[in-house]
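Those protein sequences? They're chains E and P, same order as listed. Numbering (our numbering) for the first sequence: 1 to 102. Numbering (our numbering) for the second sequence: 1001 to 1288. What follows is a set of notes on a single structure, which appears directly below.
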Amino acid sequence: MLESTKSVPPATPRSSDLRGGKDRMHVKVYAPFKTYYDGEAQSISALNETGPFDILPRHHNFMTLLSECDIIVRTDKGDEKITINRGIMHVKKDRVIVFLDV
Amino acid sequence: MKRPNEIEREENAMGTLVELTSVFEGIASMRIAQIKNQVLKATQFFDELWGIYSQLRVDTSFRFGRSQVEEDEIVEKELYIIITAEGGFSGDIDQKLIHTMLQSYDKEKNDIIVIGHHGAVQLAQRGVSYQKYFKLPVKDQNINVTPIIRYVQMYRSTTVFYQEYVSLMVQDVRRIALSAAVQAKGQRSESPDDIITEANYIFEPSTYDVVDHLERSMLHIAVSQLILDSKLAQYASRFRAMTASHERADEAKSDLHRLYNRAKRNIKDERLKEIVNGIKKSKSGAII
């Protein structure tokens, strides 16, 4: 099971981002010619040079180079697994963008 | 005058040519629609990535992601990359491109990399040597431009000569400095609303690693997009050439059909004339 390896200070919570009492964030995982996931999610897990990590809502601004792994996007409808070779993840204000094949 | 059956054979052959040019025209048109879609998708991706890169405050200049290349290993020449078609059937646009490139080419100051077999042949015919030849990628997605980027990083500066799609009937030859190409593509993206620094962001593995990787990535996307742009222009040029050939073949077929009708009428007229003459002669009591 993946576990968070980051101890990052949380960003200031914003009431507008708390939807129906549950924290959600927007996640987009895409390559130049294909979008793998674009929607709301509870969390996203991936792997970088340091190890496996999770991104949850209200995560601090974060930018990392992803290693070859399976990205897991946890949504209300279940988990989405996306196998990647490499990528760049950008996290800002509850918006996670993963650029693949770059 | 040719016999009608000979003309008929020629007309049939011309009919095949009309159908063939029509098929090529259709294929080119279909490929144009596909590639245009790819170019739009890639542009959107690039713009978003550039939006993030332009917010980073680490270095003032674009460094081509050269962290792995030592400064003294950099070749003090300008690299010319020319993107041409892989085969013929692409009209005269490749000749125009090579002509434009040779106007500023200096053997002492420039090295050439050719993408596309047609360009390599054209250069060989003109006696111009090139550093490396790459095949024009067949596929339109996930083009592997890493070997080309390795050359780009080795040189102080790079200029790309490529074909630009203006419209279905108009294609143009363009030259662009690669770092300017990356920045020009980025100018279309939204202005940064926040600045990204180590003070407000966590970078992993490090800030410089991320910036270096981003620069390389954008270089890859920019080169891939220039190749796609060129392919689009080549297909449009092919479409134009095929449309012209189709029209010419169609006209030739109509001319042959007219010629065939005339030849058949001539034969009928000759026979009719012979019959009328025979009747005249028999009426006048001549022995036939």
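We put the beta carbon where it would ideally sit given N, CA and C, even for glycine. All values reported here derive from a predicted model rather than from experimental measurement.
(request) Could you check the C-alpha separation between Thr1158 (chain P) and Leu1219 (chain P) for me, to the nearest Å? (result) 11 angstroms
(message) Whole angstroms are fine: how far does the CA of Asp1255 (chain P) sit from the CA of Asp1092 (chain P)?
(response) 27 angstroms
(message) Using 7 angstroms as the threshold, is the C-beta distance between Lys1041 (chain P) and Phe33 (chain E) below it?
(response) yes
(message) My assumption, with CB atoms under 8 angstroms, is that Ile1083 (chain P) sits in contact with Ile1227 (chain P). Please give the rounded CB distance.
(response) 6 angstroms
(request) Could you list which residues in chain P have their beta carbon closer than 9 angstroms to that of Val102 (chain E), in chain order? (result) Phe1045, Leu1049, His1213, Leu1214, Arg1216, Ser1217, Met1218, His1220, Ile1221
(message) Quick test of the definition: if touching needs 3 or more C-beta pairs under 8 angstroms, does the segment 1236-1246 of chain P touch the segment 1026-1040 of chain P?
(response) The segment 1236-1246 of chain P vs the segment 1026-1040 of chain P: in contact.
(request) For Asp1094 (chain P), collect the residues of the same chain with a Cβ closer than 7 angstroms to its Cβ; drop the 5 residues on either side in sequence, then sort them by chain order. (result) Thr1084, Ala1085, His1118, Gly1119, Gln1122
(request) Using three-state DSSP, classify Pro1205 (chain P) as helix, strand or coil. (result) coil
(message) Looking only at its chain, what residues have a beta carbon closer than 6 angstroms to the beta carbon of Thr75 (chain E), apart from the 5 residues adjacent to it on each side?
(response) Ala41
(request) Would you mind sorting Ala1033 (chain P) into buried or exposed? The rule is 16 or more other CB atoms within 10 Å of its CB. (result) exposed
(message) How far does the alpha helix (DSSP H) with Glu1010 (chain P) in it extend, from its first residue to its last?
(response) 1004-1055
(request) Could you pull the start and end residues of the beta strand (DSSP E) that Met1169 (chain P) belongs to? (result) In the DSSP assignment, Met1169 (chain P) falls outside any beta strand (DSSP E) and carries neither an H nor an E.
(message) Under 7 angstroms, Cβ to Cβ, is there at least one residue of chain P near Asn85 (chain E)?
(response) no
(request) Pull out every residue of the segment 21-32 of chain E whose Cβ sits closer than 8 angstroms to any Cβ of chain P, in chain order. (result) Tyr30, Ala31, Pro32
(message) With a threshold of 8 angstroms, are at least 3 pairs of Cβ atoms found where one atom belongs to the segment 1129-1137 of chain P and the other to the segment 1152-1169 of chain P?
(response) no
(request) Measure the C-alpha to C-alpha separation of Ile1202 (chain P) and Asn61 (chain E) and round it to an integer number of angstroms. (result) So the two alpha carbons sit approximately 6 angstroms from each other.
(message) Assuming Lys1077 (chain P) and Asn1110 (chain P) are in contact, meaning their beta carbons sit under 8 angstroms apart, how far apart are those beta carbons, in whole angstroms?
(response) That pair is a contact at about 6 angstroms.
(request) Could you tell me whether the Cβ atoms of Leu66 (chain E) and Gly39 (chain E) are closer together than 7 angstroms? (result) no
(request) Could you please give the first and the last residue of the uninterrupted beta strand (DSSP E) stretch that includes Thr83 (chain E)? (result) Residues 78-84.
(message) Using a Cβ-Cβ cutoff of 8 angstroms, what residues of the segment 1008-1041 of chain P are near chain C? List them in chain order.
(response) Although the question refers to chain C, the structure presented lacks it and instead comprises the protein chains E and P.
(request) Determine, using beta carbons only, whether Tyr1201 (chain P) comes closer than 7 angstroms to chain E. (result) yes
(request) Consider the Cβ of Val1152 (chain P): report whether some Cβ of chain E lies at a distance smaller than 7 angstroms. (result) no
(message) I need the boundaries of the beta strand (DSSP E) containing Ala1124 (chain P), first residue and last residue.
(response) Run containing Ala1124 (chain P): none in the beta strand (DSSP E); it sits in the alpha helix (DSSP H), 1117-1125.
(message) Any beta carbon from chain E within less than 7 angstroms of Val1210 (chain P)'s own beta carbon?
(response) yes
(request) Using a Cβ-Cβ cut-off of 7 angstroms, state whether Glu1164 (chain P) counts as contacting chain E. (result) no
(request) Report yes if the CB atom of Met1014 (chain P) is closer than 7 angstroms to the CB atom of Lys1253 (chain P), and no otherwise. (result) yes
(message) Using a Cβ-Cβ distance cut-off of 7 angstroms, determine whether Ile1052 (chain P) contacts chain E.
(response) yes
(message) Below 8 angstroms on the Cβ atoms is my contact criterion, and I expect Val73 (chain E) with Ile44 (chain E) to pass it. Report the Cβ-Cβ distance as a whole number of Å.
(response) 5 angstroms
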